[in-house]
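Scroll down for the structure; my scribbles are underneath it.
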Amino acid sequence: MTTDFLMIRGFLANNPHGVVLSTYHSSPLLKELQVFSFIIFDECHRVCGSSEVTAFNTILLQPPQFNEKRLFLTATPTYDTPLKMSNEALFGSIAYRYYLREGIDAGYVNPFTVRIVLGPSLDDMNLYFFEAMRIVDKMLVFCRNIKHAEELYDNMVKAKLPADVDAFTVLVAHSRMGGTHVLQALRQFTESARAILFNVRLFQEGVEIPDLNAVFFAAPRYSARDIIQSICRPLNKVPHKPKSFVFLPAVFDPTVAEDDPINLKNFSTLVPFTDALMDEDPKLFEYMIDPDKVDYDFSVVGVRSMRLSSNQIRDFVLPAVRRGVRYSTQNVDRLHRAARMPWKPIFSEVRRIVLECNRYPKTNDAWVVGNNSISLNLFYRYIRKGYEAYMNGDHSYLQVYQVRDLESLPKWKQYGLHGPYPWRECMQTLEDYLARFGRVPPLDIHKGGYIGLDATPLERLCGCLMHVNQSDARGALTLAPSKQVDMDRISSTYGLKWRKLRTKSGKLRKGQRTFMTDSYTQFKSLVRDVKSNPAFQKYLDIHFPGYPHKHERMESLQVLSDGKVPPRHLPRRRRGRKRGSTAKDSEPVVKRGRGRPRKGVPQQRQQQQLQEDSTQAEAKELKQTVMCRVCRVYVPVSKYQDHLLSTTHRRNQAALS
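See the structure below:
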């Protein structure tokens, strides 16, 4: 071990395959050497911060040498500093991710429970701390700043200990105390059987306290990195260690209903914590969507003075807390947004559909999570857009591991990215057929398309030309200009007509025929006489296998029979005011969402409107339906799993086989 530059240079000169271990603080000594082929930045969030050159970021900001590889390792990426890990020019993208939940399931990380502590006000935090210390022995409290930490410490020292709480040591540590006093506080905390230690960020990382079994957030946190770092403090695995606890305080007003807008707004302060946890633990996302089907160690307790019964907490308070996290004070479920959905479970569903159904998601596929139907199309469009940006060399919100997941899917670039009817491929099919036979093939433009990965070229051509036909059936031709050029070129070469004539007002002229309508007419005529036309039957078997049942269902009948197809998602309809109706002049207008309420609107009316929104959101959730693609019936999402087990459904499955 040395900081002698000449000794380091001599070592590397005599050891071309040597390994050098360096602290970030000493790393500038290596700047001039430039002989490394592989550099590992462990705990790489430590190099983030100022964009100015420092001892910690010297090597990072130095341009890589030829063939030099860099690997960055961290459990808590930093995205909220001038020099941040979203800078792909410096850090690249995420190549591999290991979730906190995976560490727990594998036994490397201690399991934990999230405990929401409710009280009448955050002005007296002792009530919250006593409630936590009734459960745990050693707790680390994260405060807003040094002043806040000292205030909480002083208040706790002066407080009278409740009779049902065992005595514990009260400590405080912060950066102004000096290293000796900080170490003394940490040593006393470690050696005490029961203790509470107030700090700001001093023990957020880099400190191991084996028997620490709880953290308490006494102030809001908005950085996901800070939250996860703090949560992980008590999660080190020690033999026979019980579950750890993460305590989150919230205000609860018992004078109004549990799901009153006042309480929902109070509960929304938990959002940064649950968002950070959901990003690391997809299981929490599924629990928030449907707690009846997914078990998660997430509970609520009230301070003793509130006298909340266990039944009240279970039946009213806990559901209201979940609603506050999901909806806040808005009538929109935050968790249904594509960017909020945890990658692992929803990508697993996409992968399942591709591998088991032999197709990519349809625009109306549903991902059923408990009693909720989530549109897979939202996520599918999201990943296609992100991947297209990646392929074009533009900035993409997809990480490397996500790109690799997508590329692991069969025929992703061919049919996943570009859809089941890729334009260039379909135009090439049409041109090849015209060049070989001199005429357009008979095609069922309306129902002959098929989206399976095993679709034939003519099945794909049917779907493509259906798109062309539909784009010329409205008030104006909506086909992309580049596609119009291709259609014009092919039609001109082979004497075909594809454009429909319109009047000056833009309306289509009646009785027009195109090569697509002629092809469809020919196809239907041949189908009617197929029993007396073996040649056309052979044509169907080759180019449209399974016609027409497979094409009507747009699904393999075998896959339907096997029960692998997702149900059809039905978008939530706007309920209430009918289209075209207007609010009465006497009605106060409330602007919902992120904007401020308009002036003049009574506060009581605003709260009433928020209450109605919350009720409507809950009603929509309960009324959600999906369509079973086997039985072709609409089923409430809450009854969908029961429907799959019903005699009728199984009988219909058997009939398909």
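For the sequence shown, full-length UniProt numbering assigns the number 657 to the last residue and increments by one with no breaks.
Cβ atoms here follow ideal geometry from the backbone N, Cα and C, with glycine treated the same way.
Values in this document were obtained by computation on a predicted structure and should not be read as measured data.
| Check | Outcome |
| --- | --- |
| Using the Cα positions of N14 and F38, report the straight-line distance between them to the nearest angstrom. | 18 angstroms |
| Cβ of H174 within 8 angstroms of Cβ of L202? | yes |
| Hey, quick one: how far does the alpha helix (DSSP H) through M391 stretch, first residue to last? | L376 to M391 |
| With distances taken Cα to Cα, identify the nearest neighbour of R460 among D444, Q470 and D472. | D444 |
| On a Cα-Cα basis, can you pick out the residue from S491, S26, L376 and A455 that is closest to M427? | S491 |
| Let me know if E191 comes out buried or exposed under the rule of 16 or more other beta-carbons within 10 Å of its beta-carbon. | exposed |
| K69 bridges to which residues according to DSSP? | F38 |
| Return helix, strand or coil for R115, following the three-state DSSP convention. | strand |
| Looking at the structure shown, is Y634 part of a helix, part of a strand, or coil, going by DSSP? | strand |
| By Cβ distance, which residues of its chain are closer than 7 angstroms to Q229, with the 5 residues on each side in sequence left out? | T76, Q204 and E205 |
| Look up K138 in the DSSP assignment and give the residues it is bridged to. | A195 |
| May I have the straight-line CA-CA distance separating L90 from T3, to the nearest angstrom? | 26 angstroms |
| Spell out a yes or no on whether the region 516-530 and the region 430-446 are touching, meaning 3 or more CB-CB pairs, one atom from each, closer than 8 angstroms. | yes |
| Using a Cβ distance threshold of 8 angstroms, determine whether the region 163-180 contacts the region 142-153, with at least three qualifying pairs required. | yes |
| From D295, I346 and I262, pick the residue whose C-alpha is nearest to that of D279; which is it? | I346 |
| Since P249 sits in a beta bridge, which residues does DSSP pair it with? | V117 |
| Considering G85, what are the terminal residues of the alpha helix (DSSP H) in which it resides? | Looking at the sequence provided, one finds Met at residue 85 rather than Gly. M85 -> no alpha helix (DSSP H), and no H or E assigned at all. |
| In angstroms, rounded to a whole number, what distance separates the CA positions of Y433 and L508? | 29 angstroms |
| Within the continuous beta strand (DSSP E) that includes S299, where are the two ends? | F298 to G302 |
| Looking at the strands, I want to know which residues DSSP matches up with T647. | For T647, which the question treats as bridged, DSSP gives no partner whatsoever. |
| Please list the terminal residues of the continuous beta strand (DSSP E) segment that includes T429. | It is not in any beta strand (DSSP E) - T429 instead sits in the alpha helix (DSSP H) that spans W423 to F437. |
| Could you tell me the boundaries of the beta strand (DSSP E) in which V530 lies? | First-last for V530: undefined, no H or E at that position. |
| With 16 as the cutoff for other CB atoms within 10 Å, does L398 come out buried or exposed? | buried |
| So, do the region 352-363 and the region 416-431 have three or more beta carbon pairs nearer to each other than 8 angstroms? | yes |
| Got a sec? Which residues, its chain only, sit under 6 angstroms from S638 by beta carbon, not counting five neighbours each side? | N371 |
| According to DSSP, simplified to helix, strand and coil, what is M1? | coil |
| With DSSP run on the structure shown, which of helix, strand or coil describes C44? | helix |
| For the alpha helix (DSSP H) that W343 lies in, which residues bound it at each end? | W343 to C357 |
| Return helix, strand or coil for N652, following the three-state DSSP convention. | helix |
| State the beta-bridge partners of C628 as determined by DSSP. | V633 |
| Going by alpha carbons, who is nearest to A149 out of V109, A218, A193 and D164? | A218 |
| Distance, Cα to Cα, T78 vs D253? | 36 angstroms |
| I think Y382 touches A339, with their Cβ atoms under 8 angstroms apart; what is that distance to the nearest whole Å? | 7 angstroms |
| Confirm, please, whether the CB-CB distance from D80 to S310 is below 8 angstroms. | no |
| Quick test of your reading: F267 and G324, contact by CB under 8 angstroms. State the CB separation rounded to the nearest angstrom. | 3 angstroms |
| Out of S305, R314 and C232, which one is the CA nearest neighbour of E258? | R314 |
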